[in-house]
Structure formats: C-alpha cells, structure tokens
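Under this note's numbering, the letters of the sequence shown match residues 19 to 344, in that order. Built from N, CA and C at the ideal position, the CB exists for glycine as well. Everything numeric in this text was worked out from a predicted model, so none of it was measured. Since the structure comes first, as structure tokens, the remarks are kept for the end.
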Amino acid sequence: MNETMNMTARSRTILAGLLGTCAWLGTAAPAQEPVSSPAGARDQRHSGAALVRPSGTAAVASKILLAETTPGNPAAGGVSVSGGEVAAAKPPVSPPDLAPPAVGTKVLLVTGLDYPGHPWQQTAPALKKLLEEDPRLKVRIVEDPNVLASPQLTDWDVVILHFMDWEQPGPGPEARENLKRFVAGGKGLMLTHFACGAWDGNEWPEFRRLAGRVWDPKLPAHDPLGKFRVEIADPEHPITKGMAPFDTIDELYTCLAGDAPIQVLAKATSKVDHKDYPMAFVLDYGKGRVFHTVLGHDVQAYTNSPGVGALMRRACAWTAGIKPAR
Ligand SMILES: [Zn+2]
C-alpha cells in the first residue's frame with residue numbers, strides 16, 4: 019500500500035542534544051515484505067488493508083552510520099557502511115517547519131505514520147480543513163512524530179496526536195518527557211482515532227494517563243465500519259453544550275482501556291454487543307487539557323457529518339483555552 023511505503027520513507031530520527039541542536043538523520047528506506055499473519059490482534063482489527071511492514075527497520079537502522087543531512091547541505095546524505103549493511107544515498111530532507119504562525123491559536127497536527135489501513139496522508143489535511151473553519155485555529159501538519167522532542171513545541175498551543183507508531187518504537191524518552199511537560203504545563207492535547215494505540219499502548223506507561231484511555235489489543239477492536247449515532251453524553255460541557263446527537267460512518271471503537279479519571283462527552287452504542295462506548299472524552303493533566311476522540315478512521319469519517327467537524331473544532335478550541343465557537 020502506498021501509505022505504508024510513505025510511512026516508512028518518511029521515518030526520520032531526531033537526535034536532540036547533539037551539539038546543542040537537533041540533528042536530522044536520513045534513514046535508509048527499508049525493504050517491504052508482505053505479512054501473512056504477524057501481530058495477531060493487530061491484523062484482525064482491520065480488514066481490507068494490505069498488510070505490509072518494514073523488514074527489520076530498527077535493526078538495520080541501528081547498524082547504519084548515517085550521514086548527517088542538514089538543511090542547505092545538499093552534499094550530505096551519502097553512503098556509509100557498518101557491519102556489512104550498506105545504505106543507499108538519500109537526498110537530504112529538510113526538518114519540519116516548527117516556526118509558529120504569527121497570529122491565532124497555534125495547532126500542531128502531528129502525523130506521518132499509522133497502521134497501513136489509516137490514510138493519514140488524506141485524513142490529516144481533512145482534519146486541518148475542518149479545524150480551520152474556525153478562523154482562530156491555525157493548523158500546521160508535521161509528518162514526523164519525533165518533532166515532539168523539539169524545544170519549539172512550547173511555541174504551540176495545542177498538539178494533535180494523529181499517528182500510531184506501527185510496528186516500530188514510538189518517539190523516544192526525550193519526546194515523551196517534552197510532550198508530558200507541554201501538557202502538564204498548561205497546553206492542549208488532542209488525540210484522534212488510532213492515536214490511542216500510539217506507543218503501542220504500553221510502551222510508555224505514562225501515555226495511559228496522558229491519553230486517559232489507550233488501545234488494548236486484547237479487547238474487541240471495533241464494530242465493522244458503518245453508520246452509528248453519536249449521542250451527547252454531557253450536554254453541559256463547553257465542548258458539547260448545545261450540540262445535537264449526530265450520525266456518522268466510522269469505526270465504533272470498543273478497545274479502550276484505562277482507569278484515569280475521564281469525563282465522557284459523547285458515546286455510541288455498539289451494534290455487536292449493545293454496550294455503550296465513549297466516542298469522545300476529556301481529562302485534566304497537570305495544568306493542561308486533553309480531548310480524546312476515537313472518531314476519524316478515514317476522510318469520510320471526518321466529512322460525512324457536520325457534527326464530527328463541530329466536535330473537533332470545539333474540542334480543539336477548548337484544549338487551547340479559548341471558548342469553543344458556536
Ligand atoms: Zn481505523
């Protein structure tokens with residue numbers, strides 16, 4: 019699948035702290051191989067997507083001495099060898115632009131990889147478009163979760179997690195601590211759809227607290243993609259106040275686990291087990307505000323109902339500490 023190839027080709031590593039700056043390293047594009055039945059539960063949770071995964075990405079990357087590719091240095095990105103592994107020359111890649119907009123509420127939409135069935139290349143722009151219908155919200159898409167390690171994160175008001183680190187380690191300790199500080203210090207955090215599976219649910223224990231609930235592969239994943247009604251569970255919260263229930267076409271997630279205190283704003287009833295599941299909820303984290311929704315499987319999931327866009331916009335504003343627009 020194209021999205022998988024893009025996912026791995028876009029993989030970059032930040033090594034912050036090197037000479038006091040972030041060094042951006044190009045990575046060798048790993049070979050792709052079809053996977054018949056790799057990680058059990060993961061594969062069962064989505065049907066219809068071609069399942070491919072990087073072949074030994076981390077192992078190969080760890081053996082390759084990568085030439086530094088800095089902006090303005092087109093000569094960089096050469097071939098280097100270690101332990102018999104050879105990396106093909108790669109063109110230099112500019113780091114994402116993290117300079118914030120001059121005005122407005124600054125929203126950093128972090129994407130760049132996901133489960134192969136999730137077309138983040140299309141859903142990220144769709145989400146940005148929906149959010150910017152509130153002209154106060156200025157959204158920048160960055161296609162590398164490792165930006166979470168950047169000291170420039172504090173220049174932004176809201177971070178949206180719109181990725182799942184499919185079969186590779188999530189952003190490392192520096193990114194984790196930086197994100198934690200960002201939210202605990204009073205900024206906003208939003209998570210959409212499979213971001214509940216970032217850091218593989220358990221790779222970073224604190225993520226369970228930060229996200230409120232995380233993907234538990236031992237639970238049934240979701241109802242088949244289809245139409246369901248999203249009910250407003252809390253009509254008094256600033257995000258959902260005055261909102262009417264709405265129908266959407268999406269995956270009704272039944273896979274969240276966790277015991278952090280959350281306030282459920284919207285819910286839906288599974289057609290499979292007839293139980294109610296949270297579709298959107300909020301929680302406090304230090305001085306920060308977190309909004310987490312499991313809606314957003316694909317582009318139409320964002321656009322098929324005006325209710326979805328309204329929920330996303332209002333939530334984004336709330337996490338930023340500004341009044342949700344009507
Ligand atoms: Zn999905």
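Residue i, enclosing beta strand (DSSP E) - first and last residue
i, result
"Glu249", "244 to 250"
"Phe181", "Taken as a continuous stretch (DSSP letters only), Phe181 belongs to no beta strand (DSSP E), as it is neither H nor E."
"Ala286", "281 to 287"
"Val300", "294 to 303"
"Leu127", "123 to 128"
"Phe225", "Note, Phe225: premise wrong, no beta strand (DSSP E); alpha helix (DSSP H) at 223 to 229."
"Thr210", "206 to 210"
"Ile267", "264 to 268"
"Thr311", "306 to 311"
Assigned exposure category for residue i - 16 Cβ within 10 Å defines buried
i, result
"Lys305", "exposed"
"Ala120", "exposed"
"Lys341", "exposed"
"Gly244", "exposed"
"Met330", "buried"
"Asn164", "buried"
"Ala15", "In the structure displayed, the chain extends from 19 to 344; residue 15 sits before or after that span and is not available."
"Asn196", "buried"
"Thr87", "With a pLDDT of 30 at Thr87, under the threshold of 50, the predicted position of this residue should be treated as unreliable, though the coordinate-derived value follows. The residue in question, Thr87, is buried, as its Cβ has 16 or more Cβ neighbours within 10 Å."
"Asp316", "buried"
"Lys124", "buried"
"Asp132", "buried"
"Val248", "buried"
"Glu161", "buried"
"Val290", "exposed"
"Ala193", "buried"
"Gly203", "exposed"
"Arg332", "buried"
"Lys236", "exposed"
"Asp173", "exposed"
"Lys146", "buried"
"Ala262", "exposed"
"Lys205", "buried"
"Glu151", "exposed"
"Pro223", "exposed"
Residue span of the alpha helix (DSSP H) that contains residue i, given as start and end
i, result
"Ala167", "That residue, Ala167, is in no alpha helix (DSSP H); it is neither H nor E in DSSP."
"Ala335", "324 to 338"
"Thr321", "317 to 321"
"Lys156", "Here Lys156 belongs to no alpha helix (DSSP H); instead the beta strand (DSSP E) covers 155 to 160."
"Lys198", "191 to 202"
"Thr141", "138 to 149"
Beta carbon proximity, residue i to chain D, threshold 8 Å
i, result
"Phe225", "Protein chain content of the structure displayed is limited to a single chain, and chain D is not contained in it."
**Item:** Exercise answer, beta-carbon shell around ligand 1 heavy atoms below 5 Å
**Value:** Per the Cβ criterion, the list is Glu269, His315.
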